[in-house]
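In this text, residue positions in the sequence shown follow this note's numbering: the first is 200, and each later residue adds one.
Here is the structure we will look at.
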Amino acid sequence: HDLLLISVWSVLNPGDAQVSVFPTEATLPRGGSVLVNCSSTCEEEAFLGLETPLTKEERDRGHNWKVFKLSDVEEDSKPMCFSNCGPNQTLASISITVYRLPEHMELFPLPPWQPVGENLTLKCQVKGGAPRAQLTLVLLRGEEELSRQPAVGEPAEGNATVLAGRGDYGANFTCRAELDLRPQGLGFFQNTSAPRQLRTFVLPMTSPQLETPRILEVGTSEKVVCSMGGLFPASEARVHLALGDHRLNTTVTYNKDSLSATAWVEGTAENEGDHLLVCAIMLGNQSQESWRNLTVYSFPAPNLTLSEQEVSEGTQVEVACEASVGLRVRLSDAPAEPWAPSVQFLLNATAEDNGRHFSCSAALEVAGHLLYKNQTKELRVLYGPRLDESDCLGNWTWPEETNQKLSCQAWGNPVPQLTCLRETDGALLPTGDLRPVKKQYEGTYICKAESPRGAVTRKVFLTVLSESGKNVLIIVLLTAGAILGAVVVATYLYNRQRKIKIYNLSFMPIKFFHQPRRQPL
């Protein structure tokens, strides 16, 4: 309201002249203007005036009345209208109330992170604003009203306490000033502060789960996994994985309320030794960490040497096993000895040594773990063909039309070529599964095993019995069985006769002889 007409009446004593101002009260915005009408009931010409520190201007007049304009009203005031009627003076005061919205409203900053389940105190400050009797401070969460309290003091402050929950993550909090001038017919005014957003979190009071090797060899790499559950919000959590002072390149996978961080740690000659592997998970203004000791070690493989890896039969071979500085070794097939920096022995190579494996083992203790490394080499012995009775029988006798298996194998290094030819016509000896045996297979075969290191031969006789031959064979076998049975029975009876003899008993008189008693010494 830039202009307001005010009239106030003041009655001193009955019968005296009166001065009036219309109306008696006014509420206007800061810097506004108002018209004041002073009038008197004096019967003669009265002297009218308005006493005020405010800027005033006479705007109109008439018989015993004047209109003044008060401008740039900045604060509450009570101008005084006076009337001099003869020797008497009458006064009337005017109550002007200036209203203004707050000059400054602020919701104090919220903590960057607020733990779930802890109380959060909100504080709002308001500077300026009038009239204070109609000024109220309201604290809100979104549109939810948390507290309502009158504005008291300068500056005025309002407080509210809330229990932070997961649902408060991302919630906006504001402070609102309400100036209610509706009783004065001027309306309802409000002003709201800039919003503050809250972030709540949950970080369990447990250490992260750290999966890592305890030892790591130089030149190798191992995966390290750090995980934790029960986080809120998990996506806001940060992970720090480091080996000593070196931060590892980490890949983090987030789930609903958990995370898993993966990194690869490499063993290098530069970081050989004991280190602390640390995993820290940070959320809000809190952190939890786990750590493990990791030992990076160097373990060179032992050195196994053969003076020659391929030798002829009868050659002497030196087998040697050596370890790096500070290590001990053992050599398989060597005479039993304690672990030593080096082991060696001499071997006179035979055909049985062909394909023999020698193993050289080194041992190293790292952080309570006993480690072994092996190196293996194979000895190849060159020897001439072998065609023995155990590998190629010299005599085979089978009934015709039966299923049999014939094998003939030669040995040697290099592997010899084996050929078995029948003496009469050069036919090949049938080997493998014979289903069935044919009469035509019968004969004497010459088997020859040949390689660059020599050749050997062997005769193989294959006999195939026809039906008549089978009968003769059966008779021969039965006869041989009968003879063998008779011999067994005769032998049994002969031995029994030797053990069980017939004795003729004769009775002879028994004479007793007196033996003198010994005398005690």
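Even for Gly, the Cβ is constructed at its ideal location relative to N, Cα and C.
None of the values given here were measured: they were computed from a predicted structure.
Please report the straight-line C-alpha distance between residue i and residue j, rounded to a whole angstrom.
i: Pro301; j: Cys323; result: 13 Å
i: Asn283; j: Gly384; result: 35 Å
i: Cys520; j: Lys572; result: 12 Å
i: Gln608; j: Gly513; result: 24 Å
i: Met481; j: Asp444; result: 18 Å
i: Lys330; j: Trp312; result: According to the sequence shown, residue 330 is Pro rather than Lys. If you take the alpha carbons of Pro330 and Trp312, they lie about 37 Å apart.
i: Gln616; j: Ser558; result: 32 Å
i: Val565; j: Gly466; result: 14 Å
i: Thr494; j: Gln487; result: 23 Å
i: Ala548; j: Lys576; result: 15 Å
i: Thr335; j: Leu378; result: 7 Å
i: Phe372; j: Glu344; result: 10 Å
i: Gly567; j: Arg413; result: 10 Å
i: Asn318; j: Gly357; result: 16 Å
i: Lys604; j: Asp632; result: 5 Å
i: Gly364; j: Ala468; result: 51 Å
i: Asn502; j: Asn470; result: 25 Å
i: Val218; j: Lys326; result: 40 Å
i: Gly428; j: Val361; result: 27 Å
i: Arg299; j: Arg381; result: 14 Å
i: Ser489; j: Ser506; result: 53 Å
i: Pro432; j: Arg527; result: 54 Å
i: Pro354; j: Gly369; result: 29 Å
Determine the burial state of residue i: buried for a count of at least 16 other Cβ atoms within 10 Å of its Cβ, exposed for fewer.
i: Ser292; result: exposed
i: Arg193; result: As displayed, the chain neither begins before 200 nor continues past 720, which places residue 193 out of reach and without an answer.
i: Ala462; result: buried
i: Lys698; result: Only weak support exists for where Lys698 lies, its pLDDT of 47 falling under 50; the value from the coordinates is given anyway. Classification for Lys698: exposed.
i: Ile295; result: buried
i: Asp201; result: Low local confidence applies: a pLDDT of 40 at Asp201 is under 50, so the model's placement there is unreliable, and no value is given.
i: Val516; result: buried
i: Thr452; result: exposed
i: Arg446; result: exposed
i: His303; result: exposed
i: Ala216; result: buried
i: Arg657; result: buried
i: His262; result: exposed
i: Pro278; result: buried
i: Gly611; result: buried
i: Asn236; result: buried
i: Phe400; result: buried
i: Ala539; result: exposed
i: Gln333; result: buried
i: His556; result: exposed
i: Lys265; result: buried
i: Pro719; result: Confidence at Pro719 is low in this model, with a pLDDT of 34, below 50, so its placement is unreliable and no value can be given for it.
Give the range of the beta strand (DSSP E) segment to which residue i is assigned.
i: Cys591; result: Neither: Cys591 is in no beta strand (DSSP E) and is coded neither H nor E.
i: Cys478; result: Gly472 to Leu482
i: Tyr644; result: Gly642 to Ser650
i: His556; result: Arg555 to Val565
i: Tyr368; result: From DSSP, Tyr368 is part of no beta strand (DSSP E); its letter is neither H nor E.
i: Glu257; result: Thr254 to Gly261
i: Leu300; result: Ser294 to Leu306
i: Gly357; result: Ala355 to Leu362
i: Leu234; result: Gly231 to Ser239
i: Thr662; result: Gly653 to Leu664
i: Lys576; result: His568 to Arg585
i: Val325; result: Asn318 to Ala329
i: Gly631; result: Gly631 to Leu633
i: Glu469; result: Unbroken run through Glu469: none, as it is neither H nor E.
i: Trp610; result: Trp610 to Asn612
Residues bridged to residue i by DSSP?
i: Arg398; result: Its beta-bridge partners do not exist; DSSP assigns none.
i: Asn454; result: According to DSSP, which records beta bridges pairwise, Asn454 is partnered with nothing at all.
i: Val524; result: Paired residues: none, contrary to the question.
i: Trp463; result: Lys422
i: Ser346; result: Leu338
i: Lys265; result: Cys237 and Arg260
i: Arg446; result: Ala441
i: Val518; result: Leu505 and Phe544
i: Phe387; result: Asp379
i: Ile414; result: Thr494
Below 7 Å, is the gap between the Cβ of residue i and the nearest heavy atom of the ligand NAD?
i: Asn236; result: This structure does not include the ligand NAD; it has no bound ligands of any sort.
Below 8 Å on the Cβ atoms is my guess for residue i versus residue j; work out the distance and round it to an integer in Å.
i: Ser457; j: Ser426; result: 7 Å
i: Phe267; j: Glu257; result: 6 Å
i: Val143; j: Val424; result: Absent from the model: residue 143. The displayed extent of the chain is 200 to 720, so no value can be given.
i: Leu397; j: Asp367; result: 5 Å
i: Ser232; j: Ser276; result: Their Cβ separation, rounded to whole angstroms, is 13 Å, which puts Ser232 and Ser276 out of contact at 8 Å.
i: Val297; j: Leu227; result: 6 Å
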